[in-house]
Amino acid sequence: MKNLDRSVFYGLIIALVFVVIGTFFLYESNETLDVVAEHLGVVGENIIAAPFPEYTIPGFDNVWASLALGMISTIIIFAVAYGIGKLIAKIRTKSVTS
Amino acid sequence: MHIPDGFLSPEIILVTYVITAIFWAVSFRRVKFELDEKMVPLMALLTALFFAAQMMNYPVVGGTTAHLLGGASLGILLGPSTGLISMTIILLLQCLLFGDGGITALGANVLNMGVAGVIIPYILFVFIIRATKGKRLFLAAFVGGFLGDVLAAVLAGLELGLSVPTFLYGISISVPAMATHHSIIGIAEGLVTGALLKLLISSKPEMLSLSPTFKSLSLELKTVKEGGLTIEKS
């Protein structure tokens, strides 16, 4: 189990490296869907205003803020998935024992 | 590939939400058979890993970019139900926190990147592994990853094309445009999925031994045991 914990830790480091690469190098997003929509003048407007549109912090227009946001979000996603996973595993244990 | 609000017609929004809701319901019922306590850290790690991987945009053709989905890896490693839940967590948080994909299009986005992107690769992987008695692991992962991405793009093209006049142009334009561009990133997805599985077999077999897919395929995968894989009997 210790081996697995260590693997998960290293895996998270790799995820954070992905965030660094995505923030500094592979950040330009120009997806087919957006390009064609722009060409045809179709504007997509999200109904719910996101707190961090385009992976940026409003008012902090610099790359370091985006990097911090990306890293914190990755940790939050890990925590949310871990919490949901634990909950499902708990339900499974209950249904097996009952 | 994240569809924002305003691109889909009300009919397509309704149909995609209904279909996705059925898959969610089935997955939540089945997930307890896949996900045990020991697998939770792996599920959380892969969810975070592919959330981060989706932040990297690769140049494709004609100045456009695309990102890896990670759906094939999630489906194969975590099983289809857990994989779908993982992808749903990613898409929901991307939508709510970053405005990447709209809330009205969440059903469509989960259908494309979760159902087509996660479950189809899992089915193809299991089929090819069984057909080849575990001898074509990389091929099975590659085909799953490639076709999962392409099918997700084709579905997105269909949903947009069928949303005329909301999206202005039909499926004869939307489907080929989406499929062509995403088949290129699909090749990368296939290679990454295959390489990840090979890497885990050779260096982290303890992770694969937790995977419900690999547990269920233990008979066929005896042939890759030389690579260091030991399957726990469930």
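Those protein sequence lines, which keep their order, are chains S and H.
Residue numbers for the first sequence follow numbering that gives the first Met the number 0, so the first one is 0 and each next one is one higher.
Residue numbers for the second sequence follow numbering that gives the first Met the number 0, so the first one is 0 and each next one is one higher.
We treat Cβ as the ideally placed atom computed from N, Cα and C, and that holds for glycine.
- Interface criterion not met: the Cβ of residue 192/H is under 8 Å from no Cβ in chain S.
- In this structure the stretch 60-67 of chain H does not lie against the stretch 14-31 of chain H, because fewer than three pairs of beta carbons, one per stretch, are closer than 8 Å.
- For residue 103/H, the C-beta contacts it makes with chain S under 7 Å involve 46, in order along the chain.
- Ranked by Cα distance from residue 136/H, the first of 169/H, 149/H and 212/H is 212/H.
- Between residue 82/H and residue 121/H a beta carbon distance of about 7 Å is seen, short of the 8 Å cut, so the two are scored as contacting.
- For residue 135/H, no alpha helix (DSSP H) encloses it, and the DSSP letter there is neither H nor E.
- The beta-carbon of residue 13/S is placed less than 8 Å from the nearest beta-carbon of chain H.
- According to DSSP, residue 63/H shares a beta bridge with no other residue.
- About 12 Å separates the CB atoms of residue 31/S and residue 66/H; that is not less than 8 Å, and the two are not in contact.
- For residue 64/S, the closest Cβ of chain H is not nearer than 8 Å.
- Taking all protein chains in view, the Cβ of residue 61/S is surrounded by fewer than 16 other Cβ atoms within 10 Å, so the residue is classified as exposed.
- Its chain contains 15 and 18 as the residues whose beta carbon lies nearer than 7 Å to that of residue 70/S, once the 5 sequence neighbours on both sides are disregarded; these appear in chain order.
- Residue 174/H and residue 156/H do touch by the CB rule: their CB atoms are close to 4 Å apart, below 8 Å.
- One Cα belongs to residue 91/S, the other to residue 42/H, and the distance between them is close to 16 Å.
- Residue range 9-33 is occupied by the alpha helix (DSSP H) that includes residue 9/H.
- Taking the C-beta atoms as reference points, residue 209/H is found no nearer than 8 Å to residue 10/S.
- The three-state reading of DSSP puts residue 26/S in coil, since its state is none of H, G, I, E or B.
- Judged by DSSP in its simplified three-state form, residue 141/H adopts helix.
- Counting of Cβ neighbours within 10 angstroms places residue 36/H among the exposed residues, the total staying below 16.
- Bounds of the alpha helix (DSSP H) holding residue 173/H are 170-202.
- In the structure shown, residue 3/H falls within a coil segment according to DSSP collapsed to helix, strand and coil.
- Proximity to residue 103/H across 4/S, 27/S, 48/S and 87/S peaks at 48/S, based on C-alpha coordinates.
- At least one C-beta of chain H is nearer than 8 Å to the C-beta of residue 17/S.
- Counting C-beta pairs closer than 8 Å gives three or more between the stretch 188-203 of chain H and the stretch 138-146 of chain H, which meets the contact rule.
- DSSP places residue 59/S in the strand class (E or B) of the three-state scheme.
- Straight-line spacing of the CA atoms in residue 90/H and residue 109/H works out to 7 Å.
- In the structure shown, the three-state DSSP call for residue 79/H is helix.
- From the beta-carbon of residue 57/S, no residue of chain H is found nearer than 7 Å; the closest lies around 11 Å away.
- Between residue 206/H and residue 196/H, the C-beta spacing is not below 8 Å.
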